[in-house]
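Notes follow once the structure below has been shown.
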Amino acid sequence: MTTEPIDLDAFRRHRAGRVFLVGAGPGDPELLTLKGKRCLESCDVVVFDALVDPALLEHCGPRTERIHAGKRHGAHSMPQAEINALLVRLGRAGKVVTRLKGGDPFVFGRGGEEALALADAGIPFEVVPGVSAGSAVPAYAGVPVTHRGLSQSVTFVTGHPGEGAGADWTALARVPGTIVVFMGLTSLGSIAAALVDGGKAATTPVAVIAHGTKSSQRTVVATLATIAAAAAELPSPALVVVGDVVSLRGRVAWRAEDELARVVEAVAPRCATTGGE
Numbered sequence: 003m004t005t006e007p008i009d010l011d012a013f014r015r016h017r018a019g020r021v022f023l024v025g026a027g028p029g030d031p032e033l034l035t036l037k038g039k040r041c042l043e044s045c046d047v048v049v050f051d052a053l054v055d056p057a058l059l060e061h062c063g064p065r066t067e068r069i070h071a072g073k074r075h076g077a078h079s080m081p082q083a084e085i086n087a088l089l090v091r092l093g094r095a096g097k098v099v100t101r102l103k104g105g106d107p108f109v110f111g112r113g114g115e116e117a118l119a120l121a122d123a124g125i126p127f128e129v130v131p132g133v134s135a136g137s138a139v140p141a142y143a144g145v146p147v148t149h150r151g152l153s154q155s156v157t158f159v160t161g162h163p164g165e166g167a168g169a170d171w172t173a174l175a176r177v178p179g180t181i182v183v184f185m186g187l188t189s190l191g192s193i194a195a196a197l198v199d200g201g202k203a204a205t206t207p208v209a210v211i212a213h214g215t216k217s218s219q220r221t222v223v224a225t226l227a228t229i230a231a232a233a234a235e236l237p238s239p240a241l242v243v244v245g246d247v248v249s250l251r252g253r254v255a256w257r258a259e260d261e262l263a264r265v266v267e268a269v270a271p272r273c274a275t276t277g278g279e
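What the sequence shown shows, in the numbering used here, is residues 3 to 279, in sequence order.
See the structure below:
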């Protein structure tokens, strides 16, 4: 099966603006998709987030306008409403825009909000999915999020409640399988306690992976009972993985973390496996 190439020159000839919502991947610049790379090479303007690796901007042409939108938890340089308005304004001006977002735009990336703003304004847009941190970051730490005999499902959830009530951790504690928490580092202690209160064993293995897929990646492995203290010194952004699949890390880890970012292995029970993929 083949897909039609992006004819960006056609948009320019007709002075029709278009916005590409592009996932940059979780950190390692080599995880950018080929379609994402082409969007960067051909756009008039790139609007990028703080978590995007600067190396990705090297794919842009010398005349490409570069706009830093920030969008890092706790340090936003541009509110979401302003970003939405900016994309609409650029589209109306006939620009071909690459909106470069960390991970996948539609997985805790507010890509849906930007798509709605563009749709409501009548601006043509396309979504270019990216490699999600939810699967790639655990993989770089040697943790498969599903594994036969250990976990047949995975739940992605945000640890940052934002304007809503946040996740129901008591309910999630009863859901079988792996739990992957985005933006959960600052609330790690309360999340772990809520999962235990909801019925999750205090000895459940947990991995916290900071700067996932980058050369500065650091991983801490502990249990729900001990993870808050064990991961206290980790920087953000970080991803939290809860479940028996974390016990596979000791055998599956394939990527050495450098000496200054040495992995810290706290006490975690070794879960018996009943089979492998």
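Cβ coordinates follow ideal geometry from the N, Cα and C atoms, glycine included. Every value quoted in this text rests on a predicted model; they were computed, and no experiment measured them.
Residue i and residue j closer than 8 Å at C-beta
i, j, result
"LEU236", "VAL247", "no"
"THR160", "PHE110", "yes"
"VAL254", "ALA209", "no"
"HIS149", "LEU250", "yes"
"GLY201", "ILE125", "no"
"ALA227", "GLY191", "no"
"GLY179", "SER153", "yes"
"LEU33", "VAL182", "no"
"PRO28", "GLY214", "yes"
"LEU58", "ALA26", "yes"
"ILE177", "ARG101", "Reading off the sequence shown, one finds Val at residue 177, where the question assumed Ile. No, they are not a contact pair."
"PRO140", "VAL243", "yes"
"VAL49", "ALA83", "no"
"ALA212", "ALA240", "yes"
"VAL98", "SER44", "yes"
"ALA232", "LEU197", "no"
"ASP55", "PRO81", "no"
Residue burial classification, residue i (beta-carbon count within 10 angstroms, cutoff 16)
i, result
"GLU261", "With a pLDDT of only 41 at GLU261, under the threshold of 50, the placement of this residue in the model should not be trusted, and no figure is reported."
"GLU116", "buried"
"HIS61", "buried"
"PRO271", "The predicted model places PRO271 with a pLDDT of 45, which falls under 50 and marks its position as unreliable; any figure quoted below should be read in that light. PRO271 comes out exposed."
"GLN219", "buried"
"GLY104", "buried"
"ASP51", "buried"
"ASP106", "buried"
"ASP170", "exposed"
"THR276", "In this prediction, THR276 scores a pLDDT of 39, lower than 50, which makes its location untrustworthy; the coordinate-derived value is nonetheless stated afterwards. Per the 10 Å Cβ criterion, exposed."
"GLU259", "buried"
"GLY63", "exposed"
"ALA135", "buried"
"ALA234", "exposed"
"GLY93", "buried"
"ILE95", "Residue identity differs from the one stated: residue 95 is Ala in this sequence, not Ile. By the neighbour-count rule (16 or more Cβ atoms within 10 Å), ALA95 is not buried but exposed."
"LEU36", "exposed"
Whole-angstrom C-beta distance between residue j and residue i, which should lie under 8 Å
i, j, result
"ASP2", "THR172", "Nothing about residue 2 can be read from this structure; the chain reaches only from 3 to 279."
"VAL113", "LEU42", "Here the sequence assigns Gly to residue 113, which means Val is not the residue at that position. The Cβ separation is near 17 Å, so there is no contact."
"VAL130", "GLY38", "5 Å"
"THR66", "VAL90", "About 19 Å; that fails the 8 Å criterion."
"ALA204", "THR188", "Actually they do not touch by this definition, with Cβ atoms about 21 Å apart."
"ASN86", "ALA121", "The Cβ separation is near 11 Å, so there is no contact."
"TYR142", "ARG40", "No, TYR142 and ARG40 are not in contact; Cβ-Cβ is about 25 Å, not under 8 Å."
Worksheet item: Which parts of the segment 135-172 are runs of the beta strand (DSSP E), unbroken and 3 residues or longer, counting only runs that do not cross its ends?
Response: 156-160
Fill in: Any beta strand (DSSP E) of 3 or more consecutive residues that is wholly inside the segment 174-217
180-184, 207-212
Discussion item. Which complete beta strand (DSSP E) runs does the segment 19-92 hold, if anything under 3 residues is left out?
Written reply: 20-25, 47-51, 67-72
Worksheet entry | Start-end ranges of the alpha helix (DSSP H) lying completely within the segment 93-126, minimum 4 residues | 113-123
Discussion item. List, from N- to C-terminal side, the alpha helix (DSSP H) runs of 4 residues or more that fit wholly inside the segment 222-266.
Written reply: 229-232, 251-254
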